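Novice: Mapping the sequence shown onto UniProt numbering, position 16 (from 1) lands on 16, and the numbers just tick up by one.
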Amino acid sequence: MNAIIEKMRNDGYPYKIKGNGGYTAVLYDMQPLGGGDYMAIYRYPGGECCHGLSEIQMCCEVIEQ
Numbered sequence: 001m002n003a004i005i006e007k008m009r010n011d012g013y014p015y016k017i018k019g020n021g022g023y024t025a026v027l028y029d030m031q032p033l034g035g036g037d038y039m040a041i042y043r044y045p046g047g048e049c050c051h052g053l054s055e056i057q058m059c060c061e062v063i064e065q
């Protein structure tokens with residue numbers, strides 16, 4: 001696992017989630033935002049999607065932390 005994914009997992013992002021209509025997604029990369037913040041990019045079967053940590057906590061099922 002690369003250093004970016006490890007950092008994101010240490011920041012609380014789960015490795016594997018179920019979201020976007022019940023599809024399973026895997027933590028893939030980081031989308032930088034202003035001010036040093038970032039969102040996670042998750043890879044779904046049909047492509048990638050950005051999710052913030054608060055969105056994941058409210059709307060997704062964590063499969064693997």
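Even for Gly, the Cβ is constructed at its ideal location relative to N, Cα and C.
No experiment lies behind these values; they were computed from the predicted model shown.
When the Cα of MET39 is compared with those of ASP11, MET1, ASN2 and ALA3, which residue comes out closest?
Specialist: Put simply, of ASP11, MET1, ASN2 and ALA3 the residue whose alpha carbon is nearest the alpha carbon of MET39 is ASP11.
Novice: Leaving out five residues on either side along the sequence, give the residues of the same chain with a beta carbon under 6 Å from the beta carbon of GLN65.
Specialist: PRO14
Novice: With a cut-off of 8 Å on the beta carbons, I'd call MET30 and ILE41 a contact; round off their distance for me.
Specialist: Indeed, because the Cβ distance is near 7 Å, the residues count as touching under 8 Å.
Novice: Quick one: what's LEU27 bridged to in DSSP?
Specialist: TYR42
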